[in-house]
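If you read the sequence shown in my numbering, its first letter stands for residue 44, the second for the next number, and so on. Backbone N, C-alpha and C fix where the C-beta goes; we use that ideal spot for every residue, glycine too. Just so we're clear, the structure is a prediction, and the values are computed from it rather than from any experiment.
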Amino acid sequence: MLGDAISCQNILMEDRTPAELHALAHKLTELRGKARELDLFTDDRELLSCVSCGLLEDVTVGGVLITYDGERSEVVDSGLRFSERQDGHFSCPRCSARVVTTRG
Ligand SMILES: [Zn+2]
């Protein structure tokens with residue numbers, strides 16, 4: 044009897060858990076999309092830097108993704124953003140160089 048109750052409970056948990064995970068994954072995807080719309084860095088990749096022209100990405104204290112000229116002493120957002128290419132790497136918005144990333 045007790046064994047039946049436990050196995051029945053396990054079946055219910057197994058049936059419920061994937062739906063909850065699916066809902067959480069869906070919510071996480073939505074939140075990441077909204078964060079990107081707000082220029083917030085979602086930390087799902089490394090920060091980029093262009094070895095060709097020196098444009099660097101950084102994140103402000105408020106979590107906003109910015110780019111700035113690494114050659115200059117002051118950090119001022121250029122307003123430019125690296126764009127993701129079909130091959131999974133990125134293009135520099137200033138000089139169009141291919142920026143290779145190492146993804147985890
Ligand atoms: Zn560049």
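Please state whether the Cβ-Cβ distance between Leu-81 and Leu-91 is less than 9 Å. no
Spatial neighbours of Gly-147 within its chain, please: CB distance less than 6 Å, with the 5 preceding and 5 following residues excluded, ordered by chain position. Confidence in Gly-147 is poor, its pLDDT being 44 and thus under 50, which makes the residue's placement too unreliable to answer from.
Alpha carbon to alpha carbon, what distance is there between Glu-73 and Leu-64? 14 Å
DSSP state of Glu-73 mapped onto helix, strand, coil: helix
Beta strand (DSSP E) containing Thr-110: first to last residue? 108-112
Verify whether the separation of the beta carbon atoms of Leu-123 and Gly-106 is less than 9 Å. no
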